[in-house]
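Q:
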Amino acid sequence: MQENYLETLYELAKELNTADDIPGILDAVINHLPKVLGARYCSLFIKNPSSGELEIKAHNHLDIGEDPFINVGTEQESIMNLVLSRDASLIIHDIEEQIGVQNKQKYDTKSFMSILIKHSGDVKGVLNLADKPKEGFTKDDMLITTIISELLGALLARIDLNTV
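Following my numbering, the numbering of the sequence shown begins with 18 at its first residue and continues without gaps.
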């Protein structure tokens, strides 16, 4: 990894450490992590313990508004449900070729990375990144994102996001 990569990750860690509250921490992740990795989009979905569905809690997508209610049902075709069913994070270089899902028009590339957020083996959510130019996401990108996801898993296990 390049030194600049580590410096940028350090800047994210400082931003997380100085966030005023839980929404501030989530916003720091979804706004800073794409910059670290060179991606365009980031979204954080949390698993609703009652329904088992994934619900969006933070994102940097300008086209879906500030406070959308977006959920992904367990039967819905999605990369996130694929990740949940496989119990494994994924890097996808071509969403159409690799898993047969039509790429949305807003994306410039077909690259996608979906990382499980867990705590002690219990899935808490999924962190998605999309639209990384050139070769797409790498194993180093996955490592950085997994580190952040591990920290998010520890945080999410200790709070109730419905009260935040």
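Positions of the beta carbon are idealized from the N, C-alpha and C atoms, including for glycine.
1. Select from 149, 26 and 77 the residue whose C-alpha is nearest the C-alpha of residue 60.
2. Name the two residues that bound the continuous beta strand (DSSP E) containing residue 75.
3. Pick out whichever of 54, 45 and 25 has its Cα sitting closest to the Cα of residue 148.
4. Fully enclosed by the stretch 126-162, which beta strand (DSSP E) runs are 3 residues long or longer?
5. For residue 108, does the three-state DSSP call read helix, strand or coil?
6. In the structure shown, what three-state DSSP assignment does residue 176 receive?
7. Could you give the distance in angstroms between the alpha-carbon of residue 71 and the alpha-carbon of residue 171?
8. Could you give the residue range of the alpha helix (DSSP H) that holds residue 102?
9. Ignore the nearest five residues each way along the sequence and tell me which others in residue 25's own chain have a CB closer than 6 Å to its CB.
10. Here's the rule: buried if 16 or more other CB atoms are within 10 angstroms of the residue's CB, otherwise exposed. What is residue 2?
11. For a quick check, are the C-beta atoms of residue 73 and residue 62 less than 7 Å apart?
12. Exposed or buried, residue 138, counting other C-beta atoms within 10 Å across all chains shown (16 or more means buried)?
13. May I ask which residues mark the beginning and end of the beta strand (DSSP E) holding residue 60?
14. Which residue from 33, 27, 56 and 43 puts its Cα closest to that of residue 152?
15. Residue 182 lies in the alpha helix (DSSP H); which residues open and close that run?
16. On the criterion of 16 or more Cβ atoms from any shown chain inside 10 Å, does residue 82 qualify as buried, or is it exposed?
17. According to the neighbour-count rule (16 or more other Cβ atoms, all chains shown, within 10 Å of its Cβ), is residue 18 buried or exposed?
A: Answer, in terms of the structure:
1. For the purposes of this step, residue 60 is identified with residue 43 of the sequence shown, where counting begins at 1. Residue 77 is the option with its Cα nearest to residue 60.
2. The sequence position of residue 75 within the sequence shown is 58, counting from 1. Here the beta strand (DSSP E) through residue 75 covers 71-76.
3. For the purposes of this step, residue 148 is identified with residue 131 of the sequence shown, where counting begins at 1. Measuring from the Cα of residue 148, the nearest candidate turns out to be 54.
4. 129-136 and 139-147
5. For this step, residue 108 is matched to residue 91 along the sequence shown. Residue state, collapsed to three classes: strand.
6. Residue mapping note: residue 176 aligns to position 159 of the sequence shown, counting from 1. Correct three-state label for residue 176: coil.
7. What you label residue 71 is simply residue 54 of the sequence shown in a count that begins at 1. What you label residue 171 is simply residue 154 of the sequence shown in a count that begins at 1. Their backbone Cα atoms lie some 18 Å apart in a straight line.
8. Looking up residue 102 in the sequence shown gives position 85. Residue 102 -> alpha helix (DSSP H) spans 96-103.
9. Stepping through the sequence shown from its first residue, residue 25 is reached at position 8. Around residue 25: 53.
10. Outside the displayed range of the chain (18 to 181) lies residue 2, so it cannot be described from this structure.
11. Sequence index remark: in the sequence shown, residue 73 carries index 56 (1-based). Sequence index remark: in the sequence shown, residue 62 carries index 45 (1-based). Yes, they are a contact pair.
12. Counted from its first residue, the sequence shown places residue 138 at position 121. Exposed.
13. Taking the first residue of the sequence shown as position 1, residue 60 is located at position 43. Unbroken beta strand (DSSP E) run through residue 60: 58-64.
14. Here residue 152 is taken as the residue at index 135 of the sequence shown, counted from 1. The shortest Cα separation from residue 152 among 33, 27, 56 and 43 belongs to 56.
15. Nothing can be reported for residue 182: it is not among the residues displayed for the chain, which extend from 18 to 181.
16. Translated into positions along the sequence shown, residue 82 becomes position 65. Confidence at residue 82 is low in this model, with a pLDDT of 49, below 50, so the placement of that residue is unreliable and no value is reported for it.
17. Reading the sequence shown from its first residue, position 1 is the one you call residue 18. With a pLDDT of only 45 at residue 18, under the threshold of 50, the placement of this residue in the model should not be trusted, and no figure is reported.
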